[in-house]
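Q: Can you keep this structure in mind? I'll have questions shortly.
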Amino acid sequence: MSHRRITKRKAVLAGAGAVGIAAAAVLLPQAYAGQDGARSDASAPRQMSAASAAELLQQLGKQLGESYGGAYYDAGKQQLVVNVVGDNNEIDVRVRKAGAVPRSVDNSVSELSAAKSTLSRKATVPGTSWAIDPRNNQVLVTADRTVTGERWERLESAVENLGPGVARIQKSGGEFKTFLEGGDAIFGGGARCSLGFNVTTQDGSPGFLTAGHCGVAAEQWSEEAGGGPIGTVQEAVFPGAGDFALVTYDDPATEAPSEVDTGDGQTVAIARAADAAVGQDVIRMGSTTGLSDGQVTGLDATVNYPEGTVTGLIQTNVCAEPGDSGGALFTADGSAIGLTSGGSGNCTAGGETFFQPVTTALEAVGARVGDGAGGDAGDDDGADGAQENGGAGDSAGADAGAEDSGGVANNGGAEANAGADGGVDTGADAGVQGNGGADGTGVGGPDEVGGDDAQGDAVVDDDGALHN
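When the sequence shown is numbered by this note's numbering, its final residue is 477 and no position is left out of the sequence of numbers.
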């Protein structure tokens, strides 16, 4: 879930799901630190951790220009795969010399980014989202079950007009919605959400991050339904450029440890914030469903909710349910990755879930998590200038040219922040209405904020860009 909150007057055991830290170890059993090893042939692909791959790509992506078609981390082989447009042998040699694997593709990152922009203009309908998929070198468009009739035809036509091999559509069995009600449970204005990560604000006072749609639903938040407030919202963004809120503790003497409460009195220490990467293994904690794991599937997504458009979120296949909003998305090595926003499905049927990138939220509000540093990659693996200090930092993603198609897909465990920045966005719907709220498109709002039936139809539609 979220971090525990402890006051100097009294220790508070945060309400976490009944899943201990041992479960987290089962969810993410592999740690990749120390597994890098340079081979004797300098031009042969080197095994490296996802964090080291992200740092390598940060340097290499800038050099490839229009030849860059995205990149991802092959977890099985522990190699960085770099998509290269065309058959430029000089570029291939450069990629191999760096220790990565060149892969010939048809679409450059700039072309795929342009396709996303076209979809935003022509196919922005509730219940849709899109992101660049570096493994297939395409834009992956997702439509939930509410996208039918004229809206489906509009979406399908827009995808077809992009040309062959540029984008593809997949159907989701559920409905995109926000998950207002989950980490350590917090309550405000009749709504239930989850505390994400404890932070230190610019002036040194303690606070925490949660979802922006929670922050606009209520100004003050409590540890118990109907209880006295413990924190006040200082800043909330939703809809718009993200879904995050900063809440400061009303008692300046509150101790806010940088850790995630995983239940049964167990915690995971959070040392840093890190960017997400496609393929990265992540753990989510929420007050409704406890611990769940999965992978990052897309970055920098735009989602259109009835309440408005939200941009810059992380897309995953991690399940979540109402009440998990604002809860922590993190890695086994203690990197804060995201804040739960919304998605489709539940923890029985699965589905897509979207998260606000923590790095973006921290930068926007001027706060820090953990020691405020980027953290170590754990190894430099000799990668062409890749330094040991790079992996898990706030900026350790694919930068420059690597941005849109995203950073390396991190498979997980230890090197949390490998990869590109950005993140799929999921609009969470603010105030969270009752279960009706048709927005004119036949899509309703989430059932009751914090209700156990919040399977409402607050459909999200992605008009934007996901880079990976």
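Even glycine gets a Cβ: it sits at the ideal position worked out from N, Cα and C.
Remember, it's a predicted structure, so these values are computed and weren't measured experimentally.
Applying the 10 Å Cβ sphere with the 16-neighbour rule, what's the burial state of T298?
A: Counting from 1 along the sequence shown, the entry for residue 298 is found at position 289. Buried, because 16 or more other Cβ atoms sit within 10 Å of the Cβ of T298.
Q: Between P455 and G352, what straight-line distance do the alpha-carbon atoms span, to the nearest angstrom?
A: Looking up residue 455 in the sequence shown gives position 446. Looking up residue 352 in the sequence shown gives position 343. Since pLDDT at P455 reaches only 33, below the 50 mark, its modelled position is unreliable, and no value is offered.
Q: So, with DSSP's three-state summary, where would you put T263?
A: The residue labelled residue 263 in the question sits at position 254 within the sequence shown. Coil, per DSSP.
Q: Taking E232 as the reference, give the member of T209, A254, A278, S203 with the closest Cα.
A: Numbered from 1 along the sequence shown, position 223 holds the residue referred to as residue 232. For the residues T209, A254, A278, S203, the minimum Cα distance to E232 belongs to S203.
Q: State the start and end residues of the unbroken beta strand (DSSP E) segment that holds E244.
A: Taking the first residue of the sequence shown as 1, we reach residue 244 at position 235. Here the beta strand (DSSP E) through E244 covers 238-246.
Q: Considering only residues of the stretch 130-194, which uninterrupted beta strand (DSSP E) runs meet the minimum length of 3 residues and lie entirely inside it, listed in chain order?
A: Listed in chain order, they are 137-142, 147-152, 176-180.
Q: With DSSP collapsed to three states, give me the class of R281.
A: Here residue 281 corresponds to residue number 272 of the sequence shown, with the count starting at 1. Of the three classes helix, strand and coil, the one that applies to R281 here is strand, per DSSP.
Q: Would you mind sorting G445 into buried or exposed? The rule is 16 or more other CB atoms within 10 Å of its CB.
A: As a first step, residue 445 is located in the sequence shown; it is residue number 436 there, counting from the start. Confidence at G445 is low in this model, with a pLDDT of 32, below 50, so its placement is unreliable and no value can be given for it.
Q: From which residue to which residue does the beta strand (DSSP E) around D96 run?
A: Counting from one through the sequence shown, the residue named residue 96 turns up at place 87. Looking at the DSSP string, D96 is not in any beta strand (DSSP E), and its letter there is neither H nor E.
Q: Going along the chain, which residues of its own chain have a beta-carbon closer than 6 Å to the beta-carbon of P261, five neighbours each way excluded?
A: In the sequence shown, counting from the first residue as 1, residue 261 sits at position 252. Here the set comprises S214.
Q: Using only alpha-carbon positions, find the residue among G78, V90, L69 that is nearest to P54.
A: The residue labelled residue 54 in the question sits at position 45 within the sequence shown. It is V90.
Q: In this structure, does DSSP put T257 in helix, strand or coil?
A: Residue mapping note: residue 257 aligns to position 248 of the sequence shown, counting from 1. It is a strand residue.
Q: So, is K125 buried or exposed, given that buried needs 16 or more other C-beta atoms within 10 angstroms?
A: Residue mapping note: residue 125 aligns to position 116 of the sequence shown, counting from 1. It counts as buried.
Q: Which whole-angstrom value describes the C-beta separation of V110 and Q88, a residue pair presumed to lie in contact below a C-beta threshold of 8 Å?
A: Walking along the sequence shown from the start, residue 110 turns up at place 101. Walking along the sequence shown from the start, residue 88 turns up at place 79. Confirmed, about 5 Å.
Q: Can you tell me whether DSSP reads V484 as helix, strand or coil?
A: The requested residue 484 does not occur in the structure, where the chain is confined to residues 10 to 477.
Q: Is G108 helix, strand or coil when you go by DSSP?
A: On the sequence shown, position 99 is the one that residue 108 refers to. Coil, per DSSP.
Q: CA-CA distance, T349 and E99?
A: Residue 349 sits at position 340 when you count from the first residue of the sequence shown. Residue 99 sits at position 90 when you count from the first residue of the sequence shown. The straight-line gap from Cα to Cα measures roughly 43 Å.
Q: In or out: V156 buried (at least 16 other Cβ within 10 Å) or exposed?
A: Within the sequence shown, the letter at position 147 stands for residue 156. Buried, because 16 or more other Cβ atoms sit within 10 Å of the Cβ of V156.
Q: Around the Cβ of R130, are there at least 16 other Cβ atoms within 10 angstroms (buried) or fewer (exposed)?
A: Numbered from its first residue, the sequence shown carries residue 130 at position 121. With fewer than 16 Cβ atoms within 10 Å of its Cβ, R130 is classed as exposed.
Q: Quick test of your reading: N313 and T133, contact by CB under 8 Å. State the CB separation rounded to the nearest angstrom.
A: The residue labelled residue 313 in the question sits at position 304 within the sequence shown. The residue labelled residue 133 in the question sits at position 124 within the sequence shown. That pair is a contact at about 6 Å.
Q: Bridge partners of T318, per DSSP?
A: In the sequence shown, residue 318 corresponds to position 309, counting from 1. Partner(s): N313.
Q: Could you tell me the distance, in whole angstroms, from the CA atom of A140 to the CA atom of A285?
A: Here the question's residue 140 lines up with position 131 in the sequence shown. Here the question's residue 285 lines up with position 276 in the sequence shown. Their Cα atoms are separated by approximately 14 Å.
Q: Candidates V148, Q289, V94, S334: which alpha carbon is nearest E169's?
A: By 1-based counting over the sequence shown, the position of residue 169 is 160. It is V148 whose Cα lies nearest to the Cα of E169.
Q: Can you look up V367 in the DSSP assignment and give me helix, strand or coil?
A: The sequence position of residue 367 within the sequence shown is 358, counting from 1. Looking at V367 - three-state DSSP - the assignment turns out to be helix.
Q: So is Q324 buried or exposed if we call it buried at 16+ other beta carbons inside 10 Å?
A: As a first step, residue 324 is located in the sequence shown; it is residue number 315 there, counting from the start. Under this definition Q324 is a buried residue.
Q: Between which residues of its own chain and W161 is the CB-CB distance below 8 Å, once the five residues before and five after are set aside?
A: The residue labelled residue 161 in the question sits at position 152 within the sequence shown. Closer than 8 Å at Cβ, skipping near neighbours: A152.
Q: Leaving out the 5 sequence neighbours to the left and right, which residues in its chain are closer than 7 Å to G183 when beta-carbon positions are compared?
A: As a first step, residue 183 is located in the sequence shown; it is residue number 174 there, counting from the start. So the list reads D153, R154, S353, G354, A358, G360, once near-sequence residues are dropped.
Q: Go to C356, then tell me how far its beta strand (DSSP E) extends in each direction, as first and last residue.
A: Along the sequence shown, one-based indexing puts residue 356 at 347. Run containing C356: none; DSSP gives neither H nor E here.
Q: Note the first and the last residue of the continuous beta strand (DSSP E) segment covering C202.
A: The sequence position of residue 202 within the sequence shown is 193, counting from 1. C202 -> beta strand (DSSP E) spans 200-204.
Q: For W230 and G240, which I take to be in contact (beta-carbon distance under 8 Å), what is that distance rounded to the nearest angstrom?
A: One-based indexing of the sequence shown puts residue 230 at position 221. One-based indexing of the sequence shown puts residue 240 at position 231. Confirmed, about 5 Å.
Q: So V374 packs on G347, CB below 8 Å; how close in whole Å?
A: Position 365 of the sequence shown, counted from the start, is the residue given in the question as residue 374. Position 338 of the sequence shown, counted from the start, is the residue given in the question as residue 347. Not confirmed; about 15 Å, so no contact.
Q: What number of angstroms, rounded off, separates the C-alpha of G235 from the C-alpha of A254?
A: Counted from its first residue, the sequence shown places residue 235 at position 226. Counted from its first residue, the sequence shown places residue 254 at position 245. Their Cα atoms are separated by approximately 21 Å.
Q: Beta-carbon of G240 versus every beta-carbon of chain D: anything under 8 Å?
A: The structure shown contains no chain D, having only a single protein chain.
Q: Looking at the structure shown, is V305 part of a helix, part of a strand, or coil, going by DSSP?
A: Taking the sequence shown and counting its residues from 1, the one referred to as residue 305 is at position 296. V305: strand per DSSP, three-state reduction.
Q: Hey, G221 and F247 are a contact pair by Cβ (cut 8 Å); roughly how many whole angstroms apart?
A: Mapped onto the sequence shown, residue 221 falls at position 212. Mapped onto the sequence shown, residue 247 falls at position 238. Confirmed, about 3 Å.
Q: Going by beta carbon distance, what residues of the same chain come within less than 7 Å of T369, once the five residues before and after it are set aside?
A: Here the question's residue 369 lines up with position 360 in the sequence shown. Counting only Cβ-Cβ distances below 7 Å, and skipping sequence neighbours, we find G251, G321.
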